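Numbering-wise (the numbering used here), the sequence shown opens with residue 31 and increments by one. For every residue, glycine included, the Cβ atom is placed at its ideal position computed from N, Cα and C. Please read all numbers here as calculations on a predicted model, not as lab measurements.
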Amino acid sequence: LFLDDISTSKLRTGFYGNKYAFTLGGRRVNALGIADLDLRAEYTRIRPFTYEHWGTTGYWHYATLLGHWLGPNSTGWMMEAVYRVSQPLYVKADLRLIRHGANTAEQNFGGDPFLLREPGRDPEYVNQLDGLLHTSDQLTLFASYEFLRQYFIQCEWRYAGYDNQLTEQTSSRGISRRFALRLQVNY
């Protein structure tokens with residue numbers, strides 16, 4: 031839970047000055063009665079203009095945001111299943127559904143922590159995900175096998191689909207797939 035600049039009389043109105051973020055989640059070990067199966071789910075919501083401040087009170091260090099990696103004006107779901115098949119082998123599936131309200135060229139909807147709100151130009155009331163909607167859905171499948179003590183062979187496949195609204199009328203859609211095979215040594 032992150033609370034900053036809360037005006038209680040304007041809660042649930044979309045007032046830009048109510049800056050907060052939260053993550054709710056849960057984890058179940060040995061889920062569904064299956065030994066070594068862990069399930070986890072999280073929901074994150076970050077209000078527009080969260081982390082935005084003047085000068086030295088901003089939530090960044092050089093060009094790095096010190097808040098949640100999703101950034102302001104975003105929501106995200108993360109669901110994960112991890113199963114240890116045997117002592118040396120485990121597999122994991124990870125699904126992420128990410129939504130972000132980006133600024134337009136003309137107006138700041140609170141989607142960029144480095145861009146300050148300009149009174150008179152930018153809206154005083156902003157709803158969650160206002161602006162240009164950017165969506166990203168990602169599925170990752172991962173397996174790791176320890177063939178010698180501290181030596182692992184790992185395999186990962188990732189699928190990501192995105193739909194980014196560029197203007198009110200146009201958007202950019204795409205799909206990316208990645209496969210990785212690697213050797214990891216812990217020392």
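- Assignment of residue 39 by DSSP, reduced to helix, strand and coil, places it in the helix class.
- Where residue 57 is concerned, the enclosing beta strand (DSSP E) starts and stops at 49 to 58.
- Only buried fits residue 76, as 16 or more other CB atoms lie within 10 angstroms of its CB.
- Counting the other Cβ atoms within 10 Å of the Cβ of residue 96 gives fewer than 16, which makes it exposed.
- Residue pairing by DSSP places residue 110 opposite 70, 124 in a beta bridge.
- About 29 angstroms separates the Cβ atoms of residue 106 and residue 86, ruling out a contact at the 8 angstroms cut-off.
- Here residue 184 is not near residue 158, since their CB atoms are 8 angstroms or more apart.
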